[in-house]
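Structure, as structure tokens:
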């Protein structure tokens with residue numbers, strides 16, 4: 312084999328892709344991915360700030376909405392810790408063992424995309440549906456004094472943000488993010504390309520080398536290599 316190709320092949324082996332050596336290249340290559348992610352974050356922030364749809368809540372509906380107003384078992388700030396920060400810490404642990412910035416980058420990017428896509432879909436449905444929570448009565452009337460307008464709809468005098476969150480019962484944000492994590496883990500485990508993550512980059516390079524160096528007497532082999540290269544290259548970017 313050509314010494315230059317041998318050197319390039321060795322560079323593609325595990326342990327040569329560090330943040331210092333390939334970090335800038337990875338960032339430039341996936342710049343548009345991060346811009347789209349920033350757009351998702353902005354949409355999520357905006358959807359959280361706007362008021363949800365205020366569904367009609369009459370007096371005869373209050374019997375089912377008088378559950379005690381309690382703090383969340385898992386506070387809102389705990390969701391990103393368990394769903395984002397903890398997985399990133401685990402990713403970093405494996406990065407320091409394998410030294411593969413590509414795996415680290417794709418894992419973090421995929422994690423953030425799955426989290427914010429799920430969050431945007433969930434909060435969009437929450438805002439559109441406006442379903443009251445089981446503790447809506449105490450959110451709307453913290454002193455227990457009920458007030459209704461001429462059409463029988465509630466006139467809340469509780470805290471603005473407390474009442475606002477009272478119209479976001481469905482779907483559950485904790486459940487949706489938890490389900491997303493289960494699906495993500497299952498997808499990672501079932502992906503045959505991800506199971507070969509430590510070898511996929513060098514394998515793709517070797518197949519690419521076979522494609523580029525194949526002579527006229529190996530056309531059938533070249534065709535097979537091209538198909539294999541396309542499939543593995545696609546798998547290495549997912």
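In the working numbering, the protein residues as written are 312 to 549. Note that the Cβ used here is the ideal one computed from N, Cα and C, for glycine as well.
1. Are the stretch 445-461 and the stretch 474-487 in contact at 8 Å, needing three or more beta carbon pairs?
2. I'd like to know if the stretch 465-475 and the stretch 398-414 are in contact, where contact means that at least 3 CB-CB pairs between them fall below 8 Å.
3. In the DSSP assignment, the alpha helix (DSSP H) including residue 475 goes from what residue to what residue?
4. Taking residue 488 as the reference, which of 381, 433, 336 and 459 has the closest Cα?
5. Short check: CB of residue 440 to CB of residue 364, under 8 Å?
6. So, under 8 Å CB-CB, residue 459 and residue 370 are touching, yes? Tell me the CB distance rounded to an integer number of Å.
7. Between residue 355 and the rest of its own chain, which residues show a CB-CB distance below 7 Å, the 5 nearest in sequence each way excluded?
8. Comparing C-alpha positions only, which one of 438, 368, 352 and 456 sits nearest to residue 362?
9. Mapping the DSSP letters down to three states, classify residue 371 as helix, strand or coil.
10. Taking the C-alpha atoms as reference points, what is the distance between residue 374 and residue 463?
11. Determine the extent of the alpha helix (DSSP H) in which residue 467 is found, giving its start and end residues.
12. Look up residue 424 in the DSSP assignment and give the residues it is bridged to.
13. For residue 366 and residue 344, I'd like the C-alpha separation in whole angstroms.
14. To which residues does DSSP link residue 406 through a beta bridge?
In this structure, then:
1. The stretch 445-461, when compared against the stretch 474-487, does touch it at the 8 Å Cβ threshold.
2. Here the stretch 465-475 makes no contact with the stretch 398-414; the two share fewer than three CB pairs at distances below 8 Å.
3. Position 164 of the chain shown, counting from 1, holds the residue named residue 475. 471-477 is the span of the alpha helix (DSSP H), which, as asked, contains residue 475.
4. Taking the first residue of the chain shown as position 1, residue 488 is located at position 177. The option with the nearest alpha carbon to residue 488 is 433.
5. By 1-based counting over the chain shown, the position of residue 440 is 129. By 1-based counting over the chain shown, the position of residue 364 is 53. Here residue 440 is near residue 364, since their CB atoms are less than 8 Å apart.
6. Counting from 1 along the chain shown, the entry for residue 459 is found at position 148. Counting from 1 along the chain shown, the entry for residue 370 is found at position 59. Yes, residue 459 and residue 370 are in contact; Cβ-Cβ is about 6 Å, under 8 Å.
7. In the chain shown, counting from the first residue as 1, residue 355 sits at position 44. Only 427, 430, 431 and 434 meet the Cβ criterion.
8. On the chain shown, residue 362 is found 51 positions in, with the first residue counted as 1. Minimum Cα distance to residue 362 is reached at 438.
9. Taking the first residue of the chain shown as position 1, residue 371 is located at position 60. Helix.
10. Indexing the chain shown from 1 puts residue 374 at position 63. Indexing the chain shown from 1 puts residue 463 at position 152. Rounded to the nearest whole angstrom, the C-alpha separation of residue 374 and residue 463 is 15 Å.
11. The residue labelled residue 467 in the question sits at position 156 within the chain shown. Segment: none, residue 467 is in no alpha helix (DSSP H) and carries neither H nor E.
12. Locating residue 424 in the chain shown gives position 113, where the first residue counts as 1. Per DSSP, none; premise fails for residue 424.
13. Taking the first residue of the chain shown as 1, we reach residue 366 at position 55. Taking the first residue of the chain shown as 1, we reach residue 344 at position 33. Each residue's Cα considered, the two are about 37 Å apart.
14. As a position in the chain shown, residue 406 is number 95, starting the count at 1. According to DSSP, which records beta bridges pairwise, residue 406 is partnered with nothing at all.
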